[in-house]
Amino acid sequence: MRNLTEANLTEIVLKRINSDNKRSQEILTKLIKHLHAFIKDLEPTEEEWFQAIDFLTRTGKKCDDKRQEFILLSDVLGVSMLVDAINHRTKQDATETTVTGPFHAPALQMKMGDNIARGKEVETGEPTLFRGKILDPNGKPIKNAKIDVWQSNDDGFYDIQDSSQPEMNLRGIFTTDETGEFWFKSIKPSPYPVPTDGPVGEILRASGRHPMRPAHIHFWIEAEGYQTLITHIFVEGDEYLDSDAVFGVKESLILDFPLNENKADAEKWGYEGAFYDVEYDFKLARKA
């Protein structure tokens, strides 16, 4: 075909997709259909097209081993949460999932009760105990569940964003015993802005949106025979719960952070004074 026009171009492009892989064929076909439909509906100028190419180029250049700007772009456009919702449809009684976020990184294996805070947060942060159980949908404890946790510091930065923090600060991996119980020390999470110094910041500013995420701590939980759970625990009362920049909040994941001023409890858990005492049981869905 040599006479390509606005009217026949989409059909001709589709006819040239001939993948041996059925899923690849489906993906490419739908991508072309929706992308061409978007362009026909929007009718961008050539200048706008160049701007779009430049935006994607700069997004890629902003990515490195410590920052994933494309994940962040997916997050702020609501795509990450849509993919999460599609992939975690379940009728099992299990804890809800949410986005991974762009700042997951390797962490050290730690002992139950260890403090994942290693920097100035040990002195400046609000001491918080996280404890609970890892359970199956019927409420039975899961042994050898791997619990990977991470959070930002009280200035709103993860360790891989901030060279002043100790390596692997506010990260840790814990493994349950036959009781399914876990407990570890940290600080009370604080709200923070997603990075706005790159293309994602341009998107937020262009759409009149703030960059803030409500206070939360991340959990990535794995156990043999169960679906991986990637989720957050959010702090009740945070002002950004209803306008999370990445659309990650779910009602079931919002918890009170009660202040425990009981001296006996402080002594039991290794605190010198009052501490926030957060208890939550995670339920993992079984693999099909």
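Quick note: the sequence shown uses UniProt numbering, first residue 1, plus one each step.
Even for Gly, the Cβ is constructed at its ideal location relative to N, Cα and C.
In this text, all values refer to a predicted model and were calculated from it rather than measured experimentally.
- Query: What residues match up with residue 133 in a beta bridge as DSSP calls it?
  - Reply: As a working mapping, residue 133 is identified with position 133 in the sequence shown. For residue 133, which the question treats as bridged, DSSP gives the partners 181.
- Three CB pairs or more closer than 8 Å across the region 178 to 198 and the region 68 to 81: Per the Cβ contact rule, the region 178 to 198 is in contact with the region 68 to 81 (3 or more Cβ pairs under 8 Å).
- Query: Does the distance from the CB of residue 100 to the CB of residue 230 come in under 7 Å?
  - Reply: Position 100 of the sequence shown, counting from 1, holds the residue named residue 100. Position 230 of the sequence shown, counting from 1, holds the residue named residue 230. Against a cut-off of 7 Å, the Cβ pair of residue 230 and residue 100 comes out as a contact.
- Task: Take residue 147 and list the residues in its own chain whose beta-carbon comes closer than 6 Å to its own, dropping the five residues that flank it on each side.
- Result: Working through the sequence shown from its first residue, we reach residue 147 at position 147. Around residue 147: 174, 182 and 221.
- Message: Is the beta carbon of residue 193 closer than 7 Å to that of residue 214?
- Response: As a first step, residue 214 is located in the sequence shown; it is residue number 214 there, counting from the start. As a first step, residue 193 is located in the sequence shown; it is residue number 193 there, counting from the start. Against a cut-off of 7 Å, the Cβ pair of residue 193 and residue 214 comes out as no contact.
- Can you name the residues that DSSP bridges to residue 276? What you label residue 276 is simply residue 276 of the sequence shown in a count that begins at 1. For residue 276, which the question treats as bridged, DSSP gives the partners 128 and 259.
- Task: Only counting runs of 4 or more residues, tell me where the alpha helix (DSSP H) segments fall wholly within the region 33 to 115, in order along the chain.
- Result: Taken in chain order, the complete alpha helix (DSSP H) segments of 4 residues or longer contained in the region 33 to 115 are 46 to 61, 69 to 76 and 79 to 87.
- Query: Does the region 82 to 97 come within contact of the region 158 to 167, defined as at least 3 CB pairs closer than 8 Å?
  - Reply: Result no; under three Cβ-Cβ pairs closer than 8 Å.
- Spatially closest choice to residue 189 from 240, 132 and 85, by CA coordinates: What you label residue 189 is simply residue 189 of the sequence shown in a count that begins at 1. Minimum Cα distance to residue 189 is reached at 240.
- Query: Nearest to residue 134 by CA position, among 223, 247, 27 and 41, is which residue?
  - Reply: Counting from 1 along the sequence shown, the entry for residue 134 is found at position 134. Comparing Cα-Cα distances from residue 134 to each of 223, 247, 27 and 41, the minimum goes to 223.
- 7 Å CB neighbourhood of residue 84 in its chain, flanking five on each side removed: Sequence index remark: in the sequence shown, residue 84 carries index 84 (1-based). Once the five neighbours on either side are set aside, the close Cβ partners of residue 84 are 97, 98 and 99.
- Query: Any contact of the region 271 to 279 with the region 121 to 128, i.e. 3+ C-beta pairs under 8 Å?
  - Reply: Yes, the region 271 to 279 is in contact with the region 121 to 128.
- Hey, how far is the Cα of residue 187 from the Cα of residue 245? The residue you call residue 187 lines up with position 187 of the sequence shown. The residue you call residue 245 lines up with position 245 of the sequence shown. Cα to Cα, the separation comes out at about 22 Å.
- Item | 7 Å Cβ cutoff met for residue 10 and residue 283 | Position 10 of the sequence shown holds residue 10. Position 283 of the sequence shown holds residue 283. Their beta carbons are not under 7 Å apart, which means residue 10 does not touch residue 283 by this criterion.
- Between which two residues does the beta strand (DSSP E) harbouring residue 16 extend? Taking the sequence shown and counting its residues from 1, one reaches residue 16 at position 16. Boundaries for residue 16: no beta strand (DSSP E) harbours it, and the DSSP string shows neither H nor E there.
- Excluding sequence positions up to five away, which residues of its chain have a Cβ less than 6 Å from the Cβ of residue 285? As a first step, residue 285 must be located in the sequence shown, where it is residue number 285. So the qualifying residues of the chain are 90, 92, 94 and 227.
- Item | Under the three-state DSSP convention, the category residue 251 falls into | Here the question's residue 251 lines up with position 251 in the sequence shown. DSSP places residue 251 within a helical segment (H, G or I) once states are collapsed to three.
- Message: Just verifying my parser: in three-state terms, what is the DSSP assignment at residue 270?
- Response: By 1-based counting over the sequence shown, the position of residue 270 is 270. Residue 270 falls in the coil class under three-state DSSP.
- Query: Given residue 219, which residues of its chain have a CB within under 8 Å of its CB, disregarding the five upstream and five downstream residues?
  - Reply: Within the sequence shown, residue 219 is the residue found at index 219, counting from 1. Excluding sequence neighbours, residue 219 sits near 147, 148, 149, 229, 230, 231, 232, 233 and 282.
- Query: Going by other Cβ atoms of all chains shown within 10 Å of its Cβ, with 16 needed for buried, is residue 27 buried or exposed?
  - Reply: Against the sequence shown, residue 27 aligns to sequence position 27. Sixteen is the threshold: since fewer than 16 other Cβ atoms of the shown chains lie within 10 Å of the Cβ of residue 27, the residue is exposed.
- Query: Comparing alpha-carbon positions, which option in 265, 264, 262 and 217 lies nearest residue 254?
  - Reply: Along the sequence shown, read from residue 1 onward, the residue named residue 254 stands at position 254. Considering only alpha carbons, the answer is 217.
- Query: Between the C-alpha atoms of residue 205 and residue 45, what's the straight-line distance to the nearest angstrom?
  - Reply: Walking along the sequence shown from the start, residue 205 turns up at place 205. Walking along the sequence shown from the start, residue 45 turns up at place 45. So the two alpha carbons sit approximately 22 Å from each other.
- Task: Could you confirm whether any beta carbon from chain B is found closer than 7 Å to the beta carbon of residue 87?
- Result: Absent from the structure: chain B. Only one protein chain is present.
- Quick one: what's got a C-beta closer than 8 Å to residue 258's C-beta in the same chain, skipping five residues either side? Counted from its first residue, the sequence shown places residue 258 at position 258. Excluding sequence neighbours, residue 258 sits near 276, 277 and 278.
- Item | Proximity winner among 112, 172, 8 and 48, relative to residue 36 (alpha-carbon distances) | Along the sequence shown, read from residue 1 onward, the residue named residue 36 stands at position 36. Of the listed residues, the one whose Cα sits closest to residue 36 is 8.
- Buried versus exposed call for residue 154 [16 or more other C-beta atoms within 10 Å across all chains shown]: Along the sequence shown, one-based indexing puts residue 154 at 154. The C-beta of residue 154 has 16 or more other C-beta atoms within 10 Å across all chains shown, which makes the residue buried.
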